[in-house]
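Comments concern the structure below.
Protein chains in written order, with our numbering: chain A, 16 to 420; chain B, 2 to 137.
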């Protein structure tokens with residue numbers, strides 16, 4: 016239990032002693048001052064719960080002392096000791112911040128209950144104040160918590176929205192992929208069956224070409240025509256099968272220059288097309304399936320040639336320059352193939368990588384779609400730039416080493 | 002008299018079993034035909050062909066199974082696998098088991114002739130001497 020500290024201010028040592036005895040017996044600690052000044056000094060050192068002040072002190076009036084003490088301890092209760100228990104005194108005392116008063120001569124039955132009652136009141140006030148403070152703290156905490164909760168809930172909503180958006184995208188992508196997969200599977204089946212059929216046609220033509228080697232020119236010309244169309248069909252089917260295939264890439268380190276050289280050897284430039292390659296010597300090898308990326312480059316180079324020598328358009332320049340640029344980037348190598356051909360219109364640019372989109376009279380529009388697929392399964396990316404009438408650049412970015420995907 | 006190189010065509014496609022013997026026959030080869038794997042195995046048991054052109058995808062027993070079984074019967078037969086499909090696992094398995102090579106349909110008959118003829122000329126003498134197959 017907390018000890019209650021009382022201050023008795025009276026110049027009558029007899030009273031001081033009597034009161035002190037009573038209070039100490041009741042378990043209170045007591046300090047005594049005979050003058051106002053002394054009381055102030057003691058109050059400065061000790062936080063008294065209550066002061067019993069004689070109304071008349073040698074150095075000041077008792078009521079003068081009250082505000083001075085209250086200034087030091089605002090919660091201190093004051094009990095006046097007065098010889099005249101008149102109503103006037105009582106009222107004045109209460110107005111001056113006095114909680115109670117006791118009369119002289121001291122009535123012992125009255126003193127202790129009065130003091131206890133005052134102290135009880137003070138305890139209540141203190142307790143109230145403490146509770147109020149606690150409540151305020153709790154309120155503030157709750158407010159903070161509510162604020163936090165609101166913030167969280169807002170963030171959550173935002174996150175949910177974002178996540179829903181992502182899910183929607185993923186779902187759409189999946190649907191697209193599934194559609195393409197079904198289409199691809201179907202295309203694959205059809206392609207394979209057609210290869211069987213083409214196999215027989217091709218055999219039949221071979222036989223006819225052999226046995227009719229001395230037939231007239233028109234017959235031989237027609238046989239050659241069928242033969243070349245069979246080869247064309249085979250090419251289209253190969254593209255279709257490449258597009259629908261699901262073989263995982265077999266990646267290894269290979270020099271970009273080597274890949275380019277192989278492709279240019281397999282696909283030498285037509286007349287009037289000049290080739291210039293810009294490959295710095297310090298380019299690291301790329302980590303790709305050389306067959307797949309070789310095919311991508313083959314497609315890009317073929318397209319570039321066709322853009323420069325296509326006879327379908329009068330405005331198309333006959334011939335031009337094919338520029339192959341290689342550049343090392345962080346963990347990557349960028350390889351661009353630029354032509355000075357007919358270019359691609361803005362409208363068509365949006366669709367160049369879409370399957371089944373083509374501007375060629377002959378072609379099913381899978382070359383670039385296949386290329387994009389192949390580059391992506393090899394951990395790379397592909398992009399196109401073009402200006403109609405001036406030419407196009409296709410840039411392939413390839414990884415230099417295995418990246419965790 | 003020079004012995005003619007014997008070739009067994011194994012394919013379930015009638016178009017192939019009809020055209021292949023005509024073409025290869027005209028080239029001077031001794032050609033026989035099996036429409037499926039079981040028939041092919043039976044024929045290999047009866048005669049050790051110099052070369053077998055084996056379609057991979059066939060109903061019943063596929064070309065690779067047929068090839069493996071046939072090889073057990075006639076180790077000296079050179080087997081060239083043929084496929085219209087991207088059955089890469091099967092192709093790999095065949096090559097791992099010493100199939101000579103694998104060609105894709107439609108066939109380039111000049112290339113087939115070159116493979117059968119050149120290899121065969123060389124292999125016939127080797128095969129007779131050692132009774133073994135050269136690894137592809």
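The beta-carbon is built from N, C-alpha and C at its ideal position, and this holds for glycine as well.
Checklist line | Minimum Cβ-Cβ distance from residue 42 of chain B to chain A less than 7 Å | finding: no
Check: Using a C-beta cutoff of 7 Å, does residue 329 of chain A count as contacting chain B?
Finding: Residue confidence is low: residue 329 of chain A scores 47 on pLDDT, short of 50, so the model does not pin down where it sits. Its coordinate-derived value is still stated next. For residue 329 of chain A, the answer is no, since every Cβ of chain B falls outside 7 Å of its Cβ.
Notebook entry, point to check: Mind listing which residues of the stretch 92 to 108 of chain B have their C-beta closer than 9 Å to chain A's C-betas, in chain order?
Noted result: 105, 106, 107, 108
Notebook entry, point to check: Touch check for the stretch 5 to 23 of chain B and the stretch 402 to 409 of chain A: three-plus C-beta pairs under 8 Å?
Noted result: no
Check: Looking only at DSSP bridge pairs, what is residue 340 of chain A linked to?
Finding: A/293, A/351
Check: Just how far apart, CA to CA, sit residue 294 of chain A and residue 324 of chain A?
Finding: 25 Å
Check: Hey, residue 127 of chain A and residue 49 of chain A are a contact pair by Cβ (cut 8 Å); roughly how many whole angstroms apart?
Finding: Actually they do not touch by this definition, with Cβ atoms about 22 Å apart.
Notebook entry, point to check: Can you tell me the Cα-Cα spacing of residue 152 of chain A and residue 96 of chain A, whole angstroms?
Noted result: 40 Å
Check: Going by Cα to Cα distance, which pick from B/68, B/74, B/39 is closest to residue 46 of chain B?
Finding: B/74
Notebook entry, point to check: What whole-angstrom Cβ distance do residue 343 of chain A and residue 414 of chain A have, given they're in contact under 8 Å?
Noted result: The Cβ separation is near 12 Å, so there is no contact.
Checklist line | Cβ separation of residue 423 of chain A and residue 296 of chain A, assumed to be a contact under 8 Å, to the nearest whole Å | finding: Because chain A spans 16 through 420 in this model, residue 423 of chain A falls outside it and cannot be assessed.
Checklist line | Rounded distance between the beta-carbons of residue 399 of chain A and residue 386 of chain A, thought under 8 Å | finding: Not confirmed; about 10 Å, so no contact.
Next item on the list: Spatial neighbours of residue 68 of chain B within its chain, please: CB distance less than 8 Å, with the 5 preceding and 5 following residues excluded, ordered by chain position.
Entry: 53, 55, 80, 82, 95, 98, 100
Checklist line | Beta-bridge partners of residue 139 of chain B, as assigned by DSSP | finding: No information on residue 139 of chain B is available, as it lies outside the stretch 2 to 137 that chain B covers here.
Next item on the list: Assign residue 190 of chain A to buried or exposed, taking buried as 16 or more other Cβ atoms, counted over all protein chains shown, within 10 Å of its Cβ.
Entry: Residue 190 of chain A is exposed by the Cβ-count criterion.
Notebook entry, point to check: When you compare only the Cα positions, how much space is there between residue 252 of chain A and residue 291 of chain A?
Noted result: Those two C-alpha atoms are separated by around 32 Å.
Note to self: Please tell me whether residue 433 of chain A and residue 307 of chain A are closer than 7 Å, where the distance is taken between their beta carbons.
What the structure shows: With chain A covering only 16 through 420, there is no way to say anything about residue 433 of chain A.
Next item on the list: Output yes if chain B places a C-beta closer than 7 Å to the C-beta of residue 215 of chain A; else output no.
Entry: yes
Check: If residue 134 of chain A and residue 64 of chain A are in contact, beta carbons under 8 Å, what's the gap, nearest whole angstrom?
Finding: 6 Å
Next item on the list: Determine whether the Cβ of residue 85 of chain B lies closer than 7 Å to any Cβ atom of chain A.
Entry: yes
Notebook entry, point to check: Should residue 113 of chain A and residue 93 of chain A be called a contact, given that it needs their Cβ atoms to be closer than 7 Å?
Noted result: Taking a C-beta distance under 7 Å as the contact criterion, residue 113 of chain A and residue 93 of chain A qualify as a contact pair.
Check: Applying a beta-carbon distance threshold of less than 9 Å, which residues of chain A neighbour residue 110 of chain B?
Finding: 217, 218, 221, 222, 225
Note to self: Tell me the rounded alpha-carbon separation between residue 242 of chain A and residue 109 of chain B.
What the structure shows: So the alpha carbons of these two residues sit roughly 11 Å apart.
Margin query: Can you give me the C-alpha to C-alpha distance between residue 85 of chain A and residue 54 of chain A, rounded to a whole angstrom?
Written below: 12 Å
Note to self: Considering just the uninterrupted stretch of the alpha helix (DSSP H) at residue 317 of chain A, what are its terminal residues?
What the structure shows: 305 to 324
Check: Looking at residue 301 of chain A and residue 348 of chain A, is the spacing between their C-beta atoms short of 7 Å?
Finding: yes
Margin query: Is there a Cβ of chain A sitting closer than 7 Å to that of residue 47 of chain B, yes or no?
Written below: no
Next item on the list: Give me whichever residues DSSP pairs with residue 46 of chain B in a beta bridge.
Entry: Its beta-bridge partners do not exist; DSSP assigns none.
Check: Based on Cα-Cα distance, which residue from B/107, B/118, B/78 lies nearest to residue 42 of chain B?
Finding: B/78
Next item on the list: Determine, using beta-carbon pairs with one atom in the stretch 19 to 32 of chain A and one in the stretch 59 to 73 of chain A, whether at least three such pairs fall under 8 Å.
Entry: yes
Note to self: Looking at chain A, is there any beta carbon in it that lies within less than 7 Å of the beta carbon of residue 18 of chain B?
What the structure shows: no
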